[in-house]
Amino acid sequence: MQNPSEETLKDWHENPKYWKLGGLFYVNKDDDRLLVDKRNPNYGATLNFAHKKSYWFMLLIFSFFGFIIYMITRNQ
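For what it's worth, full-length UniProt numbering labels the leading residue of the sequence shown as 1, then goes sequentially.
Put into structure tokens, the structure is as follows:
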């Protein structure tokens, strides 16, 4: 896909149909960005859950924290 214009990115970001559960999740298969600013940019960024790499990223994060919890609790 070609790089979308700034106007298109802004339209996608402001369109409520791409924000699920009250703006918690961003899902737009036409948007190739993995990280997207939250609706209020002061709150940081979120993943584009229509992007395939977002699920790998979440799996990596959960695996990391699961490993940390396992290492802490294994000798107790």
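For every residue, glycine included, the Cβ atom is placed at its ideal position computed from N, Cα and C.
As the structure is a prediction and not an experimental result, all values here were calculated from the model.
Subject >> Boundaries of the alpha helix (DSSP H) in which L59 is found, first to last residue >> reply: Taking the first residue of the sequence shown as 1, we reach residue 59 at position 59. It spans K52 to T73 - the alpha helix (DSSP H) in which L59 sits, taken as one unbroken run.
Original post:
Just the Cα atoms here: how many angstroms apart are N15 and G23?
Top reply: For the purposes of this step, residue 15 is taken as the residue at position 15 of the sequence shown. For the purposes of this step, residue 23 is taken as the residue at position 23 of the sequence shown. In a straight line, the C-alpha of N15 is about 10 Å away from that of G23.
**OP:** With DSSP as the reference, label N42 as helix, strand or coil.
**Re:** Counting from one through the sequence shown, the residue named residue 42 turns up at place 42. N42 falls in the helix class under three-state DSSP.
**OP:** Determine, using beta carbons only, whether L35 and K53 come nearer to each other than 8 Å.
**Re:** Numbered from its first residue, the sequence shown carries residue 35 at position 35. Numbered from its first residue, the sequence shown carries residue 53 at position 53. Between L35 and K53, the gap from beta carbon to beta carbon reaches 8 Å or more.
**OP:** For D31, collect the residues of the same chain with a Cβ closer than 6 Å to its Cβ; drop the 5 residues on either side in sequence, then sort them by chain order.
**Re:** Numbered from its first residue, the sequence shown carries residue 31 at position 31. For D31, where only same-chain residues beyond five positions count, the Cβ hits under 6 Å are W12 and N48.
Subject >> Euclidean distance between Cα positions of H51 and K38 >> reply: Numbered from its first residue, the sequence shown carries residue 51 at position 51. Numbered from its first residue, the sequence shown carries residue 38 at position 38. Straight-line Cα distance between these residues: approximately 16 Å.
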